[in-house]
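Structure record follows, encoded as structure tokens.
There are 2 protein chains.
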Amino acid sequence: MRGEFETIARLYAPLAAGAPGAFGLRNDAAVVELAPGERSVVTLDAMVEGVHWLPADPPEAVARKLLRVNLSDLAAMGAVPRSYLLATCLGPSVGDAWLEGFVAGLAADQERYGVTLLGGDTTRTPGPTCLSLTALGAISEGPCLMRSTLKAGDGLYVSGTIGDGALGLDVLQDRIEGLAAADRDFLAERYRLPQPRTTLGPALLGLASACLDVSDGLVADASHLTEESGVDLEIEAAAVPLSAAVRAALGHRPDLLPRVLTGGDDYELLFGVAAGREGEVAALSARLALPLTRIGRAVPARAAEGGAVRVLDEAGRPLALETRGWTHF
Amino acid sequence: MRGEFETIARLYAPLAAGAPGAFGLRNDAAVVELAPGERSVVTLDAMVEGVHWLPADPPEAVARKLLRVNLSDLAAMGAVPRSYLLATCLGPSVGDAWLEGFVAGLAADQERYGVTLLGGDTTRTPGPTCLSLTALGAISEGPCLMRSTLKAGDGLYVSGTIGDGALGLDVLQDRIEGLAAADRDFLAERYRLPQPRTTLGPALLGLASACLDVSDGLVADASHLTEESGVDLEIEAAAVPLSAAVRAALGHRPDLLPRVLTGGDDYELLFGVAAGREGEVAALSARLALPLTRIGRAVPARAAEGGAVRVLDEAGRPLALETRGWTHF
Chain A
37 MRGEFETIAR LYAPLAAGAP GAFGLRNDAA VVELAPGERS VVTLDAMVEG
87 VHWLPADPPE AVARKLLRVN LSDLAAMGAV PRSYLLATCL GPSVGDAWLE
137 GFVAGLAADQ ERYGVTLLGG DTTRTPGPTC LSLTALGAIS EGPCLMRSTL
187 KAGDGLYVSG TIGDGALGLD VLQDRIEGLA AADRDFLAER YRLPQPRTTL
237 GPALLGLASA CLDVSDGLVA DASHLTEESG VDLEIEAAAV PLSAAVRAAL
287 GHRPDLLPRV LTGGDDYELL FGVAAGREGE VAALSARLAL PLTRIGRAVP
337 ARAAEGGAVR VLDEAGRPLA LETRGWTHF
Chain B
37 MRGEFETIAR LYAPLAAGAP GAFGLRNDAA VVELAPGERS VVTLDAMVEG
87 VHWLPADPPE AVARKLLRVN LSDLAAMGAV PRSYLLATCL GPSVGDAWLE
137 GFVAGLAADQ ERYGVTLLGG DTTRTPGPTC LSLTALGAIS EGPCLMRSTL
187 KAGDGLYVSG TIGDGALGLD VLQDRIEGLA AADRDFLAER YRLPQPRTTL
237 GPALLGLASA CLDVSDGLVA DASHLTEESG VDLEIEAAAV PLSAAVRAAL
287 GHRPDLLPRV LTGGDDYELL FGVAAGREGE VAALSARLAL PLTRIGRAVP
337 ARAAEGGAVR VLDEAGRPLA LETRGWTHF
């Protein structure tokens, strides 16, 4: 296998060509370039072989997922993605071919999202491969999108569709039967390749009253909003936007509904909008050609400590959900 | 063991209290605060259990080393350290006690170096623990310190002493006998706890013609300077500053000299200074109470491709060194 310095020079340096401050990855650190009036927004997500991706997954998809889950966090704050740093602790199974596929995945998404590699570190581990990526975005002076600013009376919206990622993992692990091949492929692809809402996030600045990305599961992430904002949320289960593939799965497995509502890996944006601004959301949805669906509303907290999420069926009765979402411990 | 969210709230959130843009670690990303006219400098280094630290090492020391190797990279660019993001992929051996020690180490060094946690990710791996840290520093508008700007005629300087880290690892792995206990302890401590030159780095802006930190070994890192700058370097072995402990080790094991000159983990700064400015280096050394030693000079490249490092003995003859330094592959 190539040595460390050759790997950096041959595989990674081309990914840094677009950032003058990366100095071709030949210095000890990189300078972050910003336009006047801009601030940096930073986030970091890690992924572990066998935990966050399956060993058989193509390395291109692993790279793209690693980048995209971070871009989703930037979007949740309203930041435009710009650059990233990468740490790869490579396990024994990783050879030149895997690494070339991994870098090809990064290159493809760099072009798609307009981001450039700034630096990082590459090392070896005798265990499973561990990857971490630090993404940097830019935002103008002024408030960013937050979790703590939701107000009672705000409508609750979500982008795209919910539950595809969770059922996609089920498909890849052969836990769902009877689905058409096209539906299986769609769901697996949604699990492998999140679509971070990098255009929506910045467009929500000044419109959304609060925002976060749905990565732990719709109900768990809604709970984060309520905990930070001190209001309750009422979500109408029937209003949650579902893909055709998820509808098909629920058609013969209605017991999967809790999994759809609490499974992770959606990477959609969940946000509040003040009453009276529904038309602006509809106009934004049309402009971005992206569904933005009202799924509920924030109400005053019933308990003194705030923070409840109630998922209601079509008769307005609370659904009992055994789990709220995914944690990593 | 504590869950993910409790770990973040109880252990990590206090480390983020000093940075308003970290939002108490309760958002998807953090905002980097800079004063007008400042730019961010970023770097990332990863460490793996059993590769970069020994399983018996105290978690406080692991945390501090992880932070400090990154602060050393910032210093090499002339940046003042400000904040960091942290990714922990924790192996099965890590429990609450280890993590509390790890966080205590971070807290101690946050105070020492004036840095604050901005964000990160915490997850689990079935293999060895993998850690990565992204450090952010600040630098004023204007040039930073680079590897590519060394000129023939410049003197070559190094801070502190060389070889302590490499022999410290040897001590910890019982490969050196006959050293006094105080010398053993000193060397082991230098391996476990690098002293990043965070005050020297920014002070070298406008004085050093080129700079990098010595992490792969003196000769290997000198080679990086020559490769990037297209000049040769002549290093006088007898001028390389050594601690009393390394001198003692060399006293009965002169065969260790190549290890001293090529071993890694020094985390000193290696820099060039134009002829005629020696007095400014001496004044800076006195002001910082830190040895800054002239160990050689840059000369025109002999080969067309440039890039040779010659280590000379006291008679001016090149020493033959079997290896130039440490790589991670």
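As given, the protein sequences belong to chains A and B, one line each in that order. So the first sequence is numbered by the numbering used here: it starts at 37 and just counts up by one. So the second sequence is numbered by the numbering used here: it starts at 37 and just counts up by one. Using N, Cα and C, we set each Cβ at its ideal position, and we do this for glycine too. Remember, it's a predicted structure, so these values are computed and weren't measured experimentally.
I'd like to know if residue i contacts chain B, where contact means its C-beta is closer than 7 Å to some C-beta of that chain.
| i | result |
| --- | --- |
| Arg-75 (chain A) | yes |
| Asp-268 (chain A) | no |
| Ala-112 (chain A) | yes |
| Gly-178 (chain A) | no |
| Asp-93 (chain A) | no |
| Ala-82 (chain A) | yes |
| Gly-156 (chain A) | yes |
| Pro-164 (chain A) | yes |
| Leu-135 (chain A) | no |
| Ala-322 (chain A) | no |
| Tyr-48 (chain A) | no |
| Ala-65 (chain A) | yes |
| Leu-79 (chain A) | The residue you asked about is not Leu; residue 79 (chain A) is Thr in the sequence shown. Judged by the 7 Å Cβ criterion, Thr-79 (chain A) is in contact with chain B. |
| Ala-53 (chain A) | no |
| Val-98 (chain A) | no |
Taking only three categories from DSSP, how would you classify residue i?
| i | result |
| --- | --- |
| Phe-365 (chain B) | Model confidence at Phe-365 (chain B) stands at a pLDDT of 43, short of 50, so the residue's coordinates are unreliable; what they give is reported in the following sentence. Reduced to three states, the DSSP call for Phe-365 (chain B) is coil. |
| Leu-205 (chain A) | helix |
| Val-87 (chain A) | coil |
| Asp-64 (chain B) | coil |
| Ile-331 (chain A) | strand |
| Glu-147 (chain A) | helix |
| Glu-304 (chain A) | strand |
| Gly-155 (chain B) | strand |
| Leu-102 (chain A) | helix |
| Arg-75 (chain B) | strand |
| Thr-170 (chain A) | strand |
| Asp-219 (chain A) | helix |
| Gly-315 (chain A) | helix |
| Ser-279 (chain A) | coil |
| Gly-141 (chain A) | helix |
Name the one or two DSSP bridge partners that residue i has.
| i | result |
| --- | --- |
| Phe-59 (chain A) | Paired residues: none, contrary to the question. |
| Leu-126 (chain B) | B:Arg-160 |
| Glu-42 (chain A) | DSSP lists no partner for Glu-42 (chain A). |
| Ile-271 (chain A) | A:Gly-332, A:Val-347 |
| Leu-80 (chain B) | B:Thr-170 |
| Leu-320 (chain A) | Note: Leu-320 (chain A) sits in no beta bridge, so no partner. |
| Pro-354 (chain B) | B:Leu-348 |
Which term fits residue i, buried or exposed, when burial requires 16 or more other beta carbons within 10 angstroms of its beta carbon?
| i | result |
| --- | --- |
| Ser-129 (chain A) | exposed |
| Asp-349 (chain B) | exposed |
| Pro-354 (chain B) | exposed |
| Met-37 (chain B) | exposed |
| Gln-146 (chain A) | buried |
| Gly-288 (chain A) | The sequence as given places His at residue 288 (chain A); Gly does not occur at that position. Per the 10 Å Cβ criterion, exposed. |
| Gly-150 (chain A) | exposed |
| Arg-226 (chain A) | buried |
| Thr-43 (chain B) | buried |
| Glu-213 (chain A) | exposed |
| Gly-131 (chain A) | exposed |
Say whether chain A places a C-beta atom closer than 7 Å to the C-beta of residue i.
| i | result |
| --- | --- |
| Leu-348 (chain B) | no |
| Asp-301 (chain B) | no |
| Glu-264 (chain B) | yes |
| Ile-44 (chain B) | no |
| Ser-195 (chain B) | no |
| His-364 (chain B) | With a pLDDT of 43 at His-364 (chain B), under the threshold of 50, the modelled position of that residue is not reliable, and no figure is offered here. |
| Thr-329 (chain B) | no |
| Ser-168 (chain B) | yes |
| Asp-132 (chain B) | no |
| Thr-234 (chain B) | no |
| Arg-228 (chain B) | no |
| Leu-186 (chain B) | no |
Is residue i near the ligand ADP, going by C-beta to nearest heavy atom under 6 Å?
| i | result |
| --- | --- |
| Leu-47 (chain B) | Questions concerning the ligand ADP fall outside what the structure shown contains, since it holds no ligand whatsoever. |
- Message: Does the structure place the stretch 307-320 of chain B close enough to the stretch 177-195 of chain B that three or more beta carbon pairs sit under 8 Å?
- Response: Contact between the stretch 177-195 of chain B and the stretch 307-320 of chain B is present, because at least three Cβ pairs lie under 8 Å.
- Counting Cβ pairs, one atom from each stretch, are 3 or more of them under 8 Å apart for the stretch 66-76 of chain B and the stretch 172-181 of chain B? Short answer: they touch.
- the stretch 193-203 of chain A / the stretch 74-90 of chain A touching (three or more Cβ pairs under 8 Å): Cβ pair count under 8 Å is below three, so no.
- Is the number of C-beta pairs between the stretch 161-170 of chain B and the stretch 238-254 of chain B that are closer than 8 Å three or more? A contact between stretches requires three or more CB pairs, one per stretch, nearer than 8 Å, and the stretch 161-170 of chain B fails this requirement with the stretch 238-254 of chain B.
- Query: So, do the stretch 318-326 of chain B and the stretch 225-242 of chain B have three or more beta carbon pairs nearer to each other than 8 Å?
  - Reply: Taking 8 Å as the limit for Cβ pairs, the verdict is that the stretch 225-242 of chain B does touch the stretch 318-326 of chain B.
- Task: Would you be able to state if there are at least three C-beta pairs under 8 Å between the stretch 115-134 of chain B and the stretch 156-164 of chain B?
- Result: Flag = yes, the stretch 156-164 of chain B and the stretch 115-134 of chain B touch.
- Query: Counting Cβ pairs, one atom from each stretch, are 3 or more of them under 8 Å apart for the stretch 213-223 of chain B and the stretch 90-105 of chain B?
  - Reply: No contact exists between the stretch 213-223 of chain B and the stretch 90-105 of chain B.
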